[in-house]
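Student: Residues 1 to 343 in the UniProt record's numbering are what the sequence shown spells out, letter by letter.
Right, I'll just put the structure down here and ask away after.
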Amino acid sequence: MATSTSASPATTTTPTPTSYCTTAVPGKYGYVPPDACNAQWAYAPSFAAAVVFALLFGLLTLAHIALAISFRKGFCWVVIMGVAWEFASFIIRAMAAHDQQNSSYSLASTLLFLLAPLWVNAYVYMTAGRLIWAFHPEKKIWGFKAISIGKYFVWLDILSFLVQGAGGTMLSPGGSESTMTAGKNIYMSGVGVQQAFILLFTALIVRFQLDVQRLEPGNTVDIRAKRWLWVTFALYAALVLISIRIIFRLVEFSAGTSVSNPLPYHEEYALVLDAFPMTLAILILAVVHSGLALKGPESQFPSRKERKAEKKKIKAEKKALKQEKKRGKKGGDSYEEVELNRV
Numbered sequence: 001m002a003t004s005t006s007a008s009p010a011t012t013t014t015p016t017p018t019s020y021c022t023t024a025v026p027g028k029y030g031y032v033p034p035d036a037c038n039a040q041w042a043y044a045p046s047f048a049a050a051v052v053f054a055l056l057f058g059l060l061t062l063a064h065i066a067l068a069i070s071f072r073k074g075f076c077w078v079v080i081m082g083v084a085w086e087f088a089s090f091i092i093r094a095m096a097a098h099d100q101q102n103s104s105y106s107l108a109s110t111l112l113f114l115l116a117p118l119w120v121n122a123y124v125y126m127t128a129g130r131l132i133w134a135f136h137p138e139k140k141i142w143g144f145k146a147i148s149i150g151k152y153f154v155w156l157d158i159l160s161f162l163v164q165g166a167g168g169t170m171l172s173p174g175g176s177e178s179t180m181t182a183g184k185n186i187y188m189s190g191v192g193v194q195q196a197f198i199l200l201f202t203a204l205i206v207r208f209q210l211d212v213q214r215l216e217p218g219n220t221v222d223i224r225a226k227r228w229l230w231v232t233f234a235l236y237a238a239l240v241l242i243s244i245r246i247i248f249r250l251v252e253f254s255a256g257t258s259v260s261n262p263l264p265y266h267e268e269y270a271l272v273l274d275a276f277p278m279t280l281a282i283l284i285l286a287v288v289h290s291g292l293a294l295k296g297p298e299s300q301f302p303s304r305k306e307r308k309a310e311k312k313k314i315k316a317e318k319k320a321l322k323q324e325k326k327r328g329k330k331g332g333d334s335y336e337e338v339e340l341n342r343v
């Protein structure tokens, strides 16, 4: 891992009215120990590491934009938003590495870094819903319609997003101990809920895969016919990688903020167990893009206008069938009356 660009701060400290910290004199690039009242970071962010990840996420942002345009998949704006947030987070982190007393840099970079995976998570939900619509003969799993599956889970993802965002805004190292503790508890609740949704959603995808493979005519091994399976495996991989960073965050925050817990105070852990898994997840979703399988009119959900017209058509057909049955019943009665008169 790249070495830090910071130097040790001056040893002089200025007492503050609070009993649990002192204000340190900033050293090179504004670095102060994480237990100082004026600390904006729990470690000295590495400029080199920030630049490397910014380049990776920048390239992945361009790749996903190009793929979305190439495959004409409008819903891919969601994953583009996620990777763009990761990119912005590390651009800001690179600037913060040389200006560590800037609280705006610290807050913006931390929030973008913590919340970006939720966009990627939402994209996985939306892709799976479209796979079910395009390839499952019943277009539903366990009674959940394909159109609704993505919508339900995206709303649950938004709920998790709001909870994590509320907790994330309270995680500035310069905040009070009580604020930090409350923020971590709130954020942990959000990521815990997110992981529960991921596990439930994974069960739905497994059910989808088994159903399609069982119903697939002749169990074909044609490469193009199997692209839906490639994309399904890519979704599995993305969910596993997202789960790795969720578990890391749960362990990091649940262990507390004491020096006996090294996770919050060493940037390497966040880079290896959060940034790197998300880089891999976004890369996999680019290499095995949803557009490889989602082709043709059946790959897109019908518009609201089309769904409304379809409901109207079904309603008219039911009404016509009901009227036909009534006419048949009346015709049957007349026939019986004629037969009786003949007797």
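Note that CB positions come from ideal geometry on N, CA and C, so glycine has one too.
Could you tell me which of Ile-141, Gln-40, Trp-133 and Lys-139 sits nearest to Ser-109, measuring between CA atoms?
Tutor: The residue labelled residue 109 in the question sits at position 109 within the sequence shown. When each option's Cα is compared against that of Ser-109, the closest is Gln-40.
Student: Bridge partners for Phe-144 per DSSP, in chain order?
Tutor: Looking up residue 144 in the sequence shown gives position 144. Answer is Ile-141.
Student: Whole alpha helix (DSSP H) runs in the region 217–287 with 4 or more residues, listed along the chain?
Tutor: If we require 4 residues or more, the alpha helix (DSSP H) runs fully inside the region 217–287 come out as 227–254, 267–270 and 276–287.
Student: Is it buried or exposed for Ile-223, if we count other Cβ within 10 angstroms and need 16 for buried?
Tutor: Counting from 1 along the sequence shown, the entry for residue 223 is found at position 223. In this predicted model, Ile-223 has a pLDDT of only 47, less than 50, meaning its place in the structure is not dependable; the value taken from the coordinates is given anyway. Exposed, since its Cβ has fewer than 16 Cβ neighbours within 10 Å.
Student: Using CA atoms only, rank isn't needed, just tell me which of Leu-229, Phe-57, Ile-92 and Gly-167 is closest to Met-81.
Tutor: Here residue 81 refers to the residue found at position 81 when the sequence shown is read from its first residue. Looking at the Cα atoms, Phe-57 is the closest of the given residues.
Student: How about Lys-140 and Trp-133: do their beta carbons lie closer than 7 Å?
Tutor: Numbered from its first residue, the sequence shown carries residue 140 at position 140. Numbered from its first residue, the sequence shown carries residue 133 at position 133. For Lys-140 and Trp-133, no; Cβs fall outside 7 Å.
Student: Could you say which of Gly-192, Thr-232, Thr-181 and Gly-190 lies nearest to residue 344 if we only look at CA atoms?
Tutor: Here the chain has residues from 1 to 343 only, and residue 344 is not among them.
Student: Just how far apart, CA to CA, sit Leu-292 and Pro-33?
Tutor: By one-based count along the sequence shown, residue 292 stands at place 292. By one-based count along the sequence shown, residue 33 stands at place 33. Each residue's Cα considered, the two are about 50 Å apart.
Student: So, helix, strand or coil for residue 369, using DSSP?
Tutor: Within the shown structure, residues of the chain are numbered from 1 to 343, placing residue 369 beyond reach of any answer.
Student: Helix, strand or coil for Trp-41 per DSSP?
Tutor: Walking along the sequence shown from the start, residue 41 turns up at place 41. Residue state, collapsed to three classes: coil.
Student: Between Ser-190 and the rest of its own chain, which residues show a CB-CB distance below 7 Å, the 5 nearest in sequence each way excluded?
Tutor: As a position in the sequence shown, residue 190 is number 190, starting the count at 1. Before going on, a small fix: residue 190 reads as Gly here, not Ser. These residues qualify, in order along the chain: Ser-160, Val-163, Gln-164 and Gly-167.
Student: In this structure, does DSSP put Tyr-31 in helix, strand or coil?
Tutor: On the sequence shown, position 31 is the one that residue 31 refers to. In the structure shown, Tyr-31 sits in coil (DSSP, three-state: anything other than H, G, I, E or B).
Student: Arg-249 to Met-188, Cα distance in whole Å?
Tutor: For the purposes of this step, residue 249 is taken as the residue at position 249 of the sequence shown. For the purposes of this step, residue 188 is taken as the residue at position 188 of the sequence shown. Using only the alpha carbons, I get a separation of about 7 Å.
Student: Ile-186 to Val-272, Cα distance in whole Å?
Tutor: Here the question's residue 186 lines up with position 186 in the sequence shown. Here the question's residue 272 lines up with position 272 in the sequence shown. Going by the C-alpha atoms only, they are around 24 Å apart.
Student: Helix or strand or just coil, what does DSSP make of Ala-166?
Tutor: Numbered from its first residue, the sequence shown carries residue 166 at position 166. DSSP places Ala-166 in helix when its eight states are reduced to three.
Student: Return the chain-ordered list of same chain residues with a C-beta closer than 7 Å to the C-beta of Ala-182, the five sequence neighbours on each side being excluded.
Tutor: The sequence position of residue 182 within the sequence shown is 182, counting from 1. Result list for Ala-182: Met-170, in chain order.
Student: Between Lys-145 and the rest of its own chain, which residues show a CB-CB distance below 7 Å, the 5 nearest in sequence each way excluded?
Tutor: Counted from its first residue, the sequence shown places residue 145 at position 145. The residues are Lys-139.
Student: Taking DSSP as the reference, what is the three-state secondary structure of His-294?
Tutor: Your numbering for residue 294 matches position 294 in the sequence shown. His is not the amino acid found at residue 294; the sequence shown has Leu there. Coil, per DSSP.
Student: Whole angstroms is fine: what's the gap from Ala-238's alpha carbon to Leu-59's?
Tutor: Residue numbering aside, residue 238 sits at position 238 when the sequence shown is read from its first letter. Residue numbering aside, residue 59 sits at position 59 when the sequence shown is read from its first letter. The alpha-carbon atoms of Ala-238 and Leu-59 are separated by roughly 18 Å.
Student: Please classify Arg-214: does DSSP put it in a helix, a strand, or coil?
Tutor: Translated into positions along the sequence shown, residue 214 becomes position 214. Helix at Arg-214.
Student: Taking 8 Å as the cut-off, does the region 100–114 touch the region 72–79 (at least 3 CB pairs, one atom from each stretch)?
Tutor: At 8 Å Cβ cutoff, the stretches do not touch.
Student: Does any residue of chain D have a CB that is nearer than 7 Å to the CB of Ala-237?
Tutor: Among the chains of the structure shown, chain D does not appear; only one protein chain is present.
Student: Pull up the distance between the alpha-carbon of Asn-261 and that of Glu-177, whole angstroms please.
Tutor: By one-based count along the sequence shown, residue 261 stands at place 261. By one-based count along the sequence shown, residue 177 stands at place 177. Distance between the alpha carbons of Asn-261 and Glu-177 is about 16 Å.
Student: Hey, Ser-106 and Ala-96 are a contact pair by Cβ (cut 8 Å); roughly how many whole angstroms apart?
Tutor: In the sequence shown, the residue the question calls residue 106 occupies position 106. In the sequence shown, the residue the question calls residue 96 occupies position 96. With 8 Å as the limit, Ser-106 and Ala-96 qualify as a contact, their Cβ atoms being about 6 Å apart.
Student: When the Cα atoms are used, what is the spatial distance from Lys-226 to Val-154?
Tutor: Position 226 of the sequence shown, counting from 1, holds the residue named residue 226. Position 154 of the sequence shown, counting from 1, holds the residue named residue 154. Answer to the nearest angstrom: the Cα atoms are 27 Å apart.
Student: On the three-state DSSP scale, how would you describe Asp-99?
Tutor: Counted from its first residue, the sequence shown places residue 99 at position 99. It is coil, neither helix nor strand.
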